[in-house]
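If you count by the working numbering, then the sequence shown holds residues 70 to 276, one letter each, in order.
No residue lacks a Cβ here, since even glycine has one placed at the ideal position from N, Cα and C.
Scroll down for the structure; my scribbles are underneath it.
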Amino acid sequence: MAEKMRAMEIRLNESETRLNESETRLTESESRLTVSESRLKDSEIRLNESETRLNESETRLTESETRLTECKTQIVELRNKERPKVAFSAGIRGEAIGPFTTAITLIYRRVITNIGSAYSSSSGVYYFTFSYHAGGEHRVGLHLYKNNELLVACHDHPSLYDTADNGGNAVFVQLQQGDQVFVRLAANTHIWADDAHTTFSGCLVVE
């Protein structure tokens, strides 16, 4: 009987020891959990701060992009204000012109549009177009010149079956201030000028 009591006491002591060890381990685990929870809270706080800073940075970036767009718009507007506006269209008054034994420079006396007063006042890339109307019984020959350089031309041959002809040509050309652009009627050719059938136009495209 005494031996059984001692065995039970030993087992009880061992159980208490194990219980104490478990409680110690539980306390340590709880401490570690508390530390982890504290670290998690710190991480969440830092994450929230980072998200706040990111949102602030995105807002500043959006504002900067908006300001940049506004600046670009203002620059374009200023350039458009400063860039000279040059455009003209003119026609020839009268009836038939030519044929002559030598080439002549055409004078377009009917001014339709004249923005900028003189198309050679500013350097840049210009677009020129010219057209004609003529009777089919005569040759037609128009030449567009820059100073003494032939740029483009248009021609038509006489025909017994074609009573009237229309034609023209166009070109982009780089001009410097002071350059002159004009149309010449070739020798032994003619055009019809009544009601501005024959016209000459140009405009500044790129300064």
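Exercise for the section: Please name the residue or residues paired with THR174 in a DSSP beta bridge. Expected result: For THR174, the beta-bridge partners assigned by DSSP are ARG253.
Handout entry: Backbone secondary structure at VAL145 - three-state DSSP
Key = helix
Problem - Helix, strand or coil at ASN216 [DSSP, three-state] - result: coil
Problem - Identified DSSP bridge partners for HIS224 - result: GLY210
Handout entry: Between the CA atoms of GLN143 and GLN245 - distance to the nearest angstrom
Key = 28 Å
Practice task
Please report how far the alpha carbon of ILE173 lies from the alpha carbon of GLU276, in whole angstroms.
Solution key: 31 Å
Exercise for the section: For GLY163, count neighbouring C-beta atoms within 10 Å of its own C-beta (all shown protein chains included) and say buried if the count is 16 or more, exposed if not. Expected result: Counting Cβ neighbours within 10 Å, GLY163 comes out exposed, since fewer than 16 surround it.
Exercise for the section: Decide if THR182 is buried, meaning its Cβ has at least 16 other Cβ atoms within 10 Å, or exposed. Expected result: exposed
Problem - Residues of its chain near ASP234, where Cβ-Cβ distance is below 7 Å and the 5 sequence neighbours each way are ignored - result: ALA203, GLY205, VAL209, ASP225, listed in sequence order.
Handout entry: Close-in-space but distant-in-sequence residues of the same chain around GLY167 (CB under 7 Å, 5 per side omitted)
Key = LEU254, THR258, HIS259, ILE260
Problem - Option in GLY236, PHE269, VAL240 with minimal Cα separation from VAL252 - result: Taking only the C-alpha atoms, the option nearest VAL252 is PHE269.
Exercise for the section: Could you please give me the residues that DSSP links to CYS272 through a beta bridge? Expected result: ALA156, TYR196
Exercise for the section: Quick one: measure Cβ to Cβ for ALA222 and ASN238, integer angstroms, because I've assumed they're closer than 8 Å. Expected result: The beta-carbon distance between ALA222 and ASN238, rounded to whole angstroms, is 7 Å. This is short enough to meet the 8 Å contact definition.
Practice task
Report the three-state DSSP secondary structure of LEU229 (helix, strand or coil).
Solution key: coil
Problem - Nearest residue (CA-CA) to HIS212, options SER98, GLY160, VAL250, THR170 - result: VAL250
Practice task
Could you tell me if ILE176 is buried or exposed, where buried requires 16 or more neighbouring beta carbons within 10 angstroms of its beta carbon?
Solution key: exposed
Problem - With 16 other Cβ atoms within 10 Å as the buried cut-off, status of LYS215 - result: buried
Exercise for the section: Flag this pair as yes or no: are the beta carbons of VAL240 and LEU219 separated by less than 8 Å? Expected result: Cβ distance not < 8 Å, so VAL240 and LEU219 don't count as in contact.
Handout entry: Cut-off 6 Å between Cβ atoms - residues of its own chain near ARG178, not counting five sequence neighbours on either side
Key = ARG162
Exercise for the section: Kindly indicate the opening and closing residues of the beta strand (DSSP E) around THR182. Expected result: 179-184
Exercise for the section: Leaving out five residues on either side along the sequence, give the residues of the same chain with a beta carbon under 6 Å from the beta carbon of PRO227. Expected result: Within the same chain, and ignoring the five residues on either side of PRO227 in sequence, the residues whose Cβ sits closer than 6 Å to its Cβ are GLU206, HIS207, ARG208.
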